[in-house]
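Colleague: Quick one: the structure is below, questions incoming.
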Amino acid sequence: MSATSHKSEGKLEIDSNGPWSSAWKIAAAVGALGLAGVGAGFASDPKRLAFSYLFAFMAFLTLGIGTLFFVVIQHISAAHWSVGIRRTAEFFMGGIPALIVLFLPLFALMQHFPQWEHYGHASSHGATAQAGHGAQQAGHGEHGQQAGHGEQAGHGERPSLHELETRGLHNVHHQTLEKKKLWFDKTFFFIRQAIYLFVWGWLSWRFFKLSTGQDKSKDKKVTVAMARSAPWSIALLALTLTFASFDWLMALEPAWYSTIFGVTIFAGGLVAAMAALILTGLGLKKAGYIGDAVNIEHFHDMGKLMFGFNCFWAYVCFSQFFLIWYASIPEETVFYHARWNENPAWQPVTMSLAVLHFAIPFVFLMSRNVKRRMNLLALGAITLLVMHVVEYYWLVLPMFKAGAHGAQAAASHGAEAHHSLPVSWMDLVSLLAVGGVYLAMVFKLMTQHKLIPVSDPRLERSKHHSN
Amino acid sequence: MSSANPNAPIKEINEVALAAPEYDFHRITDDVAKVTENPAPRGWWVMFLIAVSLLGALGLTLAYLFWKGIGAWGNNQPISWAWDITNFVWWVGIGHAGTLISAVLFLFRQKWRTSINRAAEAMTIFAVICALMFPGIHVGRVWLMYYPFPIPNSMGIWPNFKSPLLWDVFAVSTYFTVSLLFWYVGLVPDLATLRDRSKNKIRRMAYGAFALGWRGSNRHWQNYERAYMILAAISTPLVLSVHSVVSFDFATSVIPGWHTTIFPPYFVAGAIFSGFAMVLTLMLVVRSVFKLHGLITLKHIEFMNKIILATGSIVGYAYAMEFFIAWYSGNDYERYVFFVSRMKGPYAWAYWSMIICNVISPQIFWVKSMRTNVPVSYAVSIFVNIGMWFERFVIIATSLHRDFLPSSWGYFHPTPIDVMTYLGSFGLFFTFFLLFIRWLPAIAIAEVKGVLPESDPHFEAHGDHGSHGDEHHDDDHKSDDHAEDGESKASSAEA
Amino acid sequence: MASHDHDHDNEKKSAGEKKPVLLLAEFDSTAKIFHAAEKVRDAGFTRWDVHTPFPIHGMDGAMGLPDSRLGWIVAAMALTGFCSALGMIYYMNVVDYPLIIGGKPPWSIPSVAPVAFELTILFSAFGAVFGMFGINRLPRHHHPIFFSQRFERATDDRFFVSIEVDDPKYDEKKTRKLLEDAHATHIEVIEEEVV
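In structure tokens, the structure reads:
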């Protein structure tokens, strides 16, 4: 049954009794456990769960799309060095259909996000909790009432200056939001989501099918076909990922905007993808599955790419922060305000992104020796993966304001409620659910296909690659 | 291990040799060195005379400008930055392709870069010189140019390090210095080649002095390669930083149309885009004047066109983001700049020229026959050069010409001095560039040799002289056999 | 070329004012020079070198060279550049003449970043270039190897091994034999005037 071992070339496929053969079952079990937790969360506090689930899902979605980007970039640049490791990336990319299924719960949870709390009410904002759409939850109505209460609070006596300011700001805020109502039209929104999901699913399926098909057909034309599809694929990916990040992350602060936001998401996804590929590649290598096809030279290069993409991530994130900080326009600074002044508990998290996602990995991974020592490289990759998760926590959770109604409530309620991080067990179960299900599909694919693209015409060149 | 060379191009997946098959080590030395050894062709002299005349005109223009003050330009209120800063940003941007080719493509192991990196690096240096001229003369009182430098002075004051313009001083001068060092380091082995080929004493002394006694020692190559790698590694963030800092000149302000967060990477992509267009413009001419078709092949041109298409698309993405976010922001001023002022305002002609040149014209390169067509490539490269100049002009002029108060609305009319300063900068650029082409190796001799298949010591056991053409069949059979092993194994596993 | 051949005769002359300094062997392909280098390395020579028109992949290993030290120089220079920038800005804009511009305090870290970055890069580049020339002891315009006419092709299409006569393992006959066995196409002894 198990394949005869093939010189020093590695087994090239996962044998039925090795540890990797049951990895997908473990992942699936973890995923099932997580999903049970997600169900419990939905029953107890759907709003809190919405934020947890979005954070966990986005962390893995960007990783998955990152691997797809990686694969496409290899085809565009006709790279030979990466042929061996490309298959690992293709497994992660091949798991995107699982992410698409995991996307669906977001539709049931979306009404709890600030943008839909606003636009979900259609035109009658705040006054009455109108049942604008079918899936109105009890919790939703509550928020509407609270917001209404907040507005009426000033009626009895003469309003204070602070209240007047708040109300004035709120009016401007409201007018601004009215101007982009079209973007939050439900039908338009769902059409967009359908396009994203279709593009991701189709591209990942297509590249996976072509590449694994080549293993058997040995048809060199497949390489050409993949190279031909790559340029327009990357264009589609760039646009869909950008707008998806606008829809789900940027819009969490409905009035906020930043043109570079999509690029930061893309860059972060690539870092996470490289970290995941390095760790998985090292695991497969250690188990003796991929032999010399992926060796220290390839890991060195992967380390360089991870380092490079991380620098790029830092560059675009710094650009965004820097320009907003320098110009200091209130409608833009609100993003950093929420993650620094408004709730000081976020300050260490914000700093950790600068220090642990950039500064320390930058110094650590700069050295050639570190990238060529597998334990150290793995340490760098683990750090960056953890920080990737932290980044998404930082992107999503500051917008969670328990029982409040977005920025307006934060201003009028004062800061007393916001001096701690909104950590919840639901964050963990969401991560387990999304990660478990996604990785189960990835690991399952690994048991079904060759672990390197054995018939890729550039494979031989890849094996001889050295730095 | 098979003795077949896996680095040989694989025809079935459209790979071709980077140098024409008749090239061996000596032929490369010969072809490149001859350009500096033979008398210059007539075409060179024609171009050189034109360039030097323009340079002379630049001298006269600048003399007049210094005498009259920068009122001689059409700059006004509200358009206080106009062609001068447009030209500055445009020239700096052009420089970026050189660094991209020498550093980024090196890090990404794009071997095809070796035929064009030397000239592109030279282009970088000369373009940055042209760029540095503009802010220098824009200050008006050129004798006070020492103000932005941190040197003690009688006023007891220091530069303001929170000013984006000051960052520019540091960024662009660092960029110039590092590019010059990088270029020179690359030149050293080739200068030694010219030294060793020289037939007369003056040449030997001149090239020898700059070759620093290079003797091809591997103990030297080891440090040399490390230095080259480090320079590439630090030039990559440098090149990103330079145009990012240039973009900060605009983006740190609160002027709608200038203040947007995507500016740094967008400027960098635009810079690479315009720089590649300029490399193409120059190399297509160099290639035909000096008959370097065997080293700068259609494949090289195709690669460059692909990068133009890619960076052009990134620029298109940035335009799209600016537009979308201007609308999405719900900010009236943002919306006005993008949807009224630029698209329909008095500068609509410049705006639409930019869109046609930058976004639409490179799309022709989706078609393979177009990106391997020399005249088409040349035409598009010119379009992109023009388009990228317009981009900077559109950003600067359209954002300024309608200030917040309609009483402060204006329009910019260039004066002949504006035009001559700009044309003159071409004289400066081409004088340098033509001298470089004539007297220095325009193609990196050592690096091109390093990418010939026979440069690899492991795969030459059976080959006498790198006959790239004939080995392939061999190869393919071998890798086929290999794959068949995998196949039979796979089927046995499935059984 | 042939007229300049020193070859066997020169070394025997040893006319008093000239003494042999280098044994120079010429090869005509990268594969041959590579294997020759491995042989010379394995024979235990220490004062020798390989001369090639372009860097040959893997030659450092074939020669048994230790890793380049250049990275350390660059790292030190980078740190120097970074600290100088911080120090300069702090002194000028905070200590000596504090300025509040754009509502930013005199010491606002984000706005320090561009200049600190540029100076880090500038100093690193100086470190890389001048460090490299320093380690390589260049410029050195006078070197006995340039006495060889054939060596002019070391920057064109020929590959050379040079072994210093001072090398403890050096033995005229054995070393020559070693190189001949490695398929050297030409071997010569280079002499230098005794100063």
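Quick note, the sequences are listed as chains D, X and H, same order. Position one of the first sequence corresponds to residue 1 (my numbering), numbered consecutively onward. Position one of the second sequence corresponds to residue 1001 (my numbering), numbered consecutively onward. Position one of the third sequence corresponds to residue 2001 (my numbering), numbered consecutively onward. Every residue, glycine too, gets a C-beta built ideally from N, C-alpha and C.
So residue 2155/H and residue 1193/X are supposed to be a Cβ contact under 8 Å. How far apart are they, rounded?
Modeller: Residue 2155/H to residue 1193/X, Cβ: 4 Å. Contact.
Colleague: In whole angstroms, what is the alpha-carbon distance linking residue 19/D and residue 1267/X?
Modeller: Rounded to the nearest angstrom, the two C-alpha atoms are 49 Å apart.
Colleague: So, under 8 Å CB-CB, residue 454/D and residue 12/D are touching, yes? Tell me the CB distance rounded to an integer number of Å.
Modeller: Residue 454/D to residue 12/D, Cβ: 6 Å. Contact.
Colleague: Counting only Cβ-Cβ distances shorter than 8 Å, please list the residues of the segment 313–329 of chain D near chain H, keeping chain order.
Modeller: Residues 318, 321, 322, 325, 326, 328.
Colleague: I believe residue 946/X touches residue 1175/X by the beta-carbon criterion, under 8 Å. Please report the beta-carbon distance rounded to the nearest angstrom.
Modeller: For residue 946/X there is no data in the structure shown, the boundaries of chain X being 1001 and 1495.
Colleague: Counting Cβ pairs closer than 8 Å, one from the segment 237–253 of chain D and one from the segment 1248–1268 of chain X, do we hit at least three?
Modeller: At 8 Å Cβ cutoff, the stretches do not touch.
Colleague: Let's see if you can read the secondary structure: which residues bound the beta strand (DSSP E) around residue 2018/H?
Modeller: 2018–2027 is the span of the beta strand (DSSP E), which, as asked, contains residue 2018/H.
Colleague: Can you tell me where the alpha helix (DSSP H) holding residue 1380/X begins and where it ends?
Modeller: Counting along the chain, the alpha helix (DSSP H) containing residue 1380/X begins and ends at 1374–1393.
Colleague: Can you name the start and end residues of the beta strand (DSSP E) that residue 2189/H belongs to?
Modeller: That run of the beta strand (DSSP E) goes 2186–2193.
Colleague: Check residue 1335/X in the structure and name its three-state DSSP category.
Modeller: Three-state DSSP puts residue 1335/X in a helix.
Colleague: Hey, does residue 368/D have any beta-carbon neighbour from chain H nearer than 9 Å?
Modeller: At least one chain H Cβ lies under 9 Å of residue 368/D.
Colleague: How about residue 1116/X: is its C-beta nearer than 9 Å to some C-beta of chain D?
Modeller: It does not; no Cβ of chain D falls within 9 Å.
Colleague: Among 1082/X, 1080/X, 1181/X, which residue has its Cα nearest to the Cα of residue 2128/H?
Modeller: Among 1082/X, 1080/X, 1181/X, the Cα nearest to that of residue 2128/H is on 1181/X.
Colleague: Could you check the C-alpha separation between residue 2027/H and residue 208/D for me, to the nearest Å?
Modeller: Going by the C-alpha atoms only, they are around 48 Å apart.
Colleague: Go ahead and pull the three-state DSSP assignment for residue 2050/H.
Modeller: Strand.
Colleague: Verify whether the separation of the beta carbon atoms of residue 437/D and residue 63/D is less than 9 Å.
Modeller: No. Outside cutoff.
Colleague: Who are the near neighbours of residue 1130/X in its chain, counting only those whose CB is closer than 6 Å to its CB and skipping five residues on each side?
Modeller: If we look at residue 1130/X and ignore the five residues flanking it on each side, its Cβ neighbours are 1091, 1425, 1428, 1429.
Colleague: Would you identify the three-state DSSP class for residue 1022/X, choosing helix, strand or coil?
Modeller: Residue 1022/X: coil per DSSP, three-state reduction.
Colleague: Do you know how far the Cα of residue 48/D is from the Cα of residue 400/D?
Modeller: Distance between the alpha carbons of residue 400/D and residue 48/D: 7 Å.
Colleague: Secondary structure at residue 1409/X, three-state DSSP: helix, strand or coil?
Modeller: Three-state result, residue 1409/X: strand.
Colleague: Which residue comes first and which comes last in the alpha helix (DSSP H) that contains residue 1173/X?
Modeller: Element bounds for residue 1173/X: 1164–1197.
Colleague: Using 9 Å as the threshold, is the C-beta distance between residue 1401/X and residue 1410/X below it?
Modeller: In this structure, residue 1410/X lies closer than 9 Å to residue 1401/X by Cβ.
Colleague: Evaluate residue 285/D with the Cβ neighbour count: other Cβ atoms within 10 Å of its Cβ, from every protein chain shown; 16 or more gives buried, anything less gives exposed.
Modeller: Answer is buried; the Cβ neighbour count reaches 16.
Colleague: Please tell me whether residue 1354/X has its Cβ less than 9 Å away from any Cβ of chain D.
Modeller: For residue 1354/X, the answer is no, since every Cβ of chain D falls outside 9 Å of its Cβ.
Colleague: Apart from the five residues just before and just after residue 1136/X, which ones in its own chain have a Cβ nearer than 8 Å to its Cβ?
Modeller: Excluding sequence neighbours, residue 1136/X sits near 1142, 1145.
Colleague: Please identify, using Cβ separations under 9 Å, the residues of the segment 2078–2111 of chain H that lie next to chain D, in order along the chain.
Modeller: Listed in sequence order: 2102, 2103, 2104, 2108, 2110, 2111.
Colleague: Please state whether DSSP places residue 1145/X in a helix, a strand or coil.
Modeller: If DSSP states are grouped into helix, strand and coil, residue 1145/X belongs with coil.
Colleague: Just to confirm the assignment, what range does the alpha helix (DSSP H) spanning residue 1369/X have?
Modeller: Run containing residue 1369/X: 1368–1371, per the alpha helix (DSSP H) assignment.
Colleague: Using DSSP's beta-bridge definition, name the partner residues of residue 172/D.
Modeller: Per DSSP, none; premise fails for residue 172/D.
Colleague: Is the Cβ of residue 1186/X closer than 9 Å to any Cβ of chain D?
Modeller: Not closer than 9 Å to any Cβ of chain D, the Cβ of residue 1186/X fails to qualify, so no.
Colleague: Would you identify the three-state DSSP class for residue 189/D, choosing helix, strand or coil?
Modeller: Here residue 189/D sits in helix by DSSP.
Colleague: Got a sec, what are the start and stop residues for the alpha helix (DSSP H) residue 1126/X sits in?
Modeller: 1117–1138 is the extent of the alpha helix (DSSP H) around residue 1126/X.
Colleague: Just the chain X side, please: which residues come within less than 7 Å of residue 2058/H by C-beta, in chain order?
Modeller: In chain order: 1457.
Colleague: Suppose the cutoff is 7 Å on Cβ atoms and the five residues either side in sequence are ignored; what does the same chain contact list for residue 1314/X look like?
Modeller: 1269, listed in sequence order.
Colleague: Rounding to the nearest angstrom, what Cα-Cα distance links residue 1413/X and residue 1347/X in this structure?
Modeller: Each residue's alpha carbon lies about 12 Å from the other.
Colleague: Is residue 2161/H closer than 9 Å to residue 2057/H when the C-beta atoms are compared?
Modeller: Contact: no.
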